[in-house]
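In the working numbering, the protein residues as written are 369 to 565.
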């Protein structure tokens with residue numbers, strides 16, 4: 369501990385606390401739902417870049433983690449009916465499913481798949497629930513969705529998922545994604561250029 373003589377009467381001090389040697393980082397078990405927009409406006413490089421980013425994220429999961437992928441446009445496509453373990457075999461299956469099902473078409477209807485994702489966590493145990501939403505869509509009913517999500521998340525208690533959002537392109541409703549991430553105690557980021565690095 370280090371402190372200075374209080375010359376200006378602000379009653380401040382500085383305190384340093386270091387972890388002990390040999391203390392390993394605890395890895396929290398995660399349950400992750402990836403919500404991916406496959407609407408017609410995602411055609412071409414945006415969808416290809418999202419595929420690459422999603423595969424990279426899947427390979428960074430630990431084997432004890434669980435995941436699910438929901439692709440959406442006017443409908444929802446599910447990789448699996450429930451969360452599955454992030455084993456090498458499951459990730460390979462997900463890779464094949466993404467290759468076959470990520471076809472850009474239709475509109476951007478986000479409310480139903482978002483509710484599906486939140487309901488996945490209603491029976492989970494002691495893991496960290498996360499939702500990652502990736503879209504380039506201009507959402508029209510953002511206020512209703514934010515109000516509904518706020519109420520839904522407040523009822524979730526300790527098992528409430530964190531919602532992280534990623535917007536693609538200039539025409540995306542970035543304000544909505546920022547608000548949703550704030551409500552969901554998550555993070556928001558964006559790529560305004562079509563090319564995602």
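Idealized CB from N, CA, C, for every residue including glycine.
| Item | Value |
| --- | --- |
| Proximity below 8 Å, CB of residue 429 to CB of residue 462 | no |
| For residue 467, three-class secondary structure by DSSP | helix |
| Among 534, 552, 527, 507, nearest to residue 442 - alpha-carbon criterion | 507 |
| Residue 537 beta carbon less than 8 Å from that of residue 414 | yes |
| Proximity below 8 Å, CB of residue 398 to CB of residue 548 | no |
| Secondary structure of residue 447, DSSP reduced to three states | coil |
| Anticipated Cβ contact below 8 Å, residue 473 with residue 408, distance rounded | 5 Å |
| Environment of residue 404 [buried if 16+ CB atoms lie within 10 Å] | buried |
| In chain order, each beta strand (DSSP E) run of at least 3 residues that lies wholly inside the segment 485–534 | 496–503 |
| Identity of the residue in 512, 396, 500, 448 nearest residue 422 by Cα | 500 |
| Residue from 424, 418, 553 whose Cα sits closest to the Cα of residue 532 | 553 |
| Residue 481, DSSP secondary structure in three states | helix |
| Whole-Å CB distance - residue 445 paired with residue 469, under 8 Å assumed | 5 Å |
| Close-in-space but distant-in-sequence residues of the same chain around residue 540 (CB under 8 Å, 5 per side omitted) | 503, 504, 505, 506, 558 |
| Rounded straight-line distance, which links the Cα of residue 439 to that of residue 401 | 10 Å |
| Beta-carbon spacing of residue 488, residue 436 below 8 Å | yes |
| Residues that residue 459 bridges to, as DSSP identifies them | Residue 459 pairs with nothing; no bridge assigned. |
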